[in-house]
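Here the working numbering is used: the first residue of the sequence shown is 3, the next is one more, and so on.
I have placed the structure first, in the form of structure tokens, so that the comments after it can refer back to it.
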Amino acid sequence: MSARTGSEFLRGLRDEREIWVGGDRVYDPADHPALRGAAQVLAAIKRE
3 MSARTGSEFL RGLRDEREIW VGGDRVYDPA DHPALRGAAQ VLAAIKRE
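Have a look at this one:
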């Protein structure tokens, strides 16, 4: 199995996992204000 790219990583965050922030369910962590920055940093690391 090869390593995922940054784009594949971000797409993978949109699966059926349950993430809750402040009592609200997050369906797309890559686009949520509280999680977007961390997701983008991890995706950038995977691009290198």
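Here a beta-carbon is modelled for each residue, glycine too, at the ideal position from N, C-alpha and C.
Q. In the structure shown, what three-state DSSP assignment does R19 receive?
A. Your numbering for residue 19 matches position 17 in the sequence shown. Coil at R19, not helix or strand.
Q) How many whole angstroms separate the CB atoms of R19 and D30, which I take to be in contact at a CB cut-off of 8 Å? A) Walking along the sequence shown from the start, residue 19 turns up at place 17. Walking along the sequence shown from the start, residue 30 turns up at place 28. Between D30 and R19 the Cβ distance is about 11 Å, and since that is not below 8 Å, they are no contact.
(Q) Output needed for R6: all residues of its chain with C-beta closer than 8 Å, excluding positions within five of it in sequence on either side, in chain order. (A) Sequence index remark: in the sequence shown, residue 6 carries index 4 (1-based). The beta carbon of R6 sits closer than 8 Å to the beta carbons of G14 and K48 from its chain, once the five residues preceding and following it are set aside; these are given in chain order.
Q.
Can you tell me whether R6 is helix, strand or coil according to DSSP?
A. As a working mapping, residue 6 is identified with position 4 in the sequence shown. Three-state DSSP puts R6 in coil, outside helix and strand.
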